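Below is one structure, written out as structure tokens; the observations come after it.
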Amino acid sequence: MTATVLDGKQVSSEIREELKKEVQQLKDQGVQPGLAVVLVGEDAASKVYVSKKAKSCEEIGVYSEVHRLAATTSQEELLQLIDKLNNDDKINGILVQLPVPDHIDDKAVIDAIALEKDVDGFHPSSVGNMVIGDDCFLPCTPHGCMVLLEKSGIDLKGKKAVVVGRSNIVGKPMAMLLLQAHATVTICHSRTKDLAAEVKEADVVIAAVGRPEMVTGEMLKEGAVVIDVGINRLDDGRLVGDVHYESAAKVASYITPVPGGVGPMTITMLLKNTVEAAKKCK
Ligand code: GUN
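Take 91 as the starting number for the sequence shown in the working numbering and just add one per residue.
Spelled out as structure tokens, the structure:
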């Protein structure tokens, strides 16, 4: 079997075209959606992601401002900025790029973001609402994976889904959204006894561990759907996912590439959440 590529770039660009029209309609009604992105420190990957997020806003007409703060910024200073953004009418969404430096408690930072501006969906109240299926902003990466699956016509009902990774940003919310789509869900992590055996059972595999090419073709069941959330830069400069693409593509029925799979979907969901947040302010 040779897998069909799930083209996140293409699906993203279709959704962004729709969003662009919605933004124009909002502007015609006097509403300008706005996103504030906050970056603390010098993490190289984070710098790239933040620039991409701001550029993507610009492309669909969403106002954006990037606050680049020194790595030595205190937690108090960061909380003061969030308070200011919470009370700024130009701003509908606030995103603090994670990770923040070690001296800052990320939980305190996330808690400080106003719920109605939590376009990352990381606030504990947003997470709680997601778990019970109430209206909330969904976390962008898992939401992006779900939309990509939906738009590709992949039915999850009754399927065995294995999520590899249990982070608050991807693994845990991903499992919850798959459950809401009626999949039977297993979460694997560093203490899982036999990862290969778990993955072998899966109709759908979501790899979100941050370890280059750890899920290989021989671990997969024939015809599995493979979603690769990882973005890892190797010493030789190559960008690879958490899945060994070449071997996996020979066994899977569908697979996301890296780059051009989940990455663009994450940013598209951020744009969608920001536009939704602005609509609620009409
Ligand atoms: N770091 C890695 N992914 C994300 C994300 O989706 N949002 C934020 N704020 N930080 C991240």
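Note that beta-carbon positions come from the ideal geometry of N, C-alpha and C, so glycine has one too. The structure displayed is predicted, hence computed values, not measured ones.
Straight-line Cα distance separating residue j from residue i
| i | j | result |
| --- | --- | --- |
| Asn182 | Thr364 | 6 angstroms |
| Ile172 | Lys207 | 11 angstroms |
| Val316 | Asp284 | 19 angstroms |
| Glu155 | Ala286 | 44 angstroms |
| Lys362 | Ala297 | 24 angstroms |
| Gly270 | Gly223 | Contrary to the premise, residue 270 reads as Gln rather than Gly in this sequence. Cα-Cα distance, rounded: 8 angstroms. |
| His213 | Asn176 | 14 angstroms |
| Leu109 | Asp225 | 20 angstroms |
| Ala161 | Ala367 | 29 angstroms |
| Asn219 | Leu159 | 31 angstroms |
| Tyr139 | Lys311 | 33 angstroms |
| Gly307 | His334 | 7 angstroms |
| Val113 | Ala93 | 36 angstroms |
| Arg106 | Gly313 | 30 angstroms |
| His193 | Glu148 | 32 angstroms |
| Val260 | Gly300 | 11 angstroms |
Beta-carbon proximity of residue i to residue j, cut-off 8 angstroms
| i | j | result |
| --- | --- | --- |
| Ala265 | Ile277 | yes |
| Ala144 | Val127 | yes |
| Leu238 | Leu268 | no |
| Ala251 | Val289 | no |
| Lys372 | Val121 | yes |
| Lys340 | Met91 | yes |
| Val305 | Val254 | yes |
| Asp195 | Gln165 | yes |
Please list the segments of the beta strand (DSSP E) lying wholly inside the stretch 168-238, counting only runs of 3 or more residues, in order along the chain. Counting only runs that start and end inside the stretch 168-238, the beta strand (DSSP E) elements of at least 3 residues fall at 183-186.
Sufficient close CB pairs (3 or more, under 8 angstroms) joining the stretch 351-371 to the stretch 214-233: yes
Entirely enclosed alpha helix (DSSP H) segments - the stretch 101-168, minimum 4 residues: 134-150
Is the number of C-beta pairs between the stretch 93-100 and the stretch 344-354 that are closer than 8 angstroms three or more? Cβ pair count under 8 angstroms is three or more, so yes.
Continuous beta strand (DSSP E) assignments of at least 3 residues falling wholly in the stretch 262-311: 274-278 and 294-297
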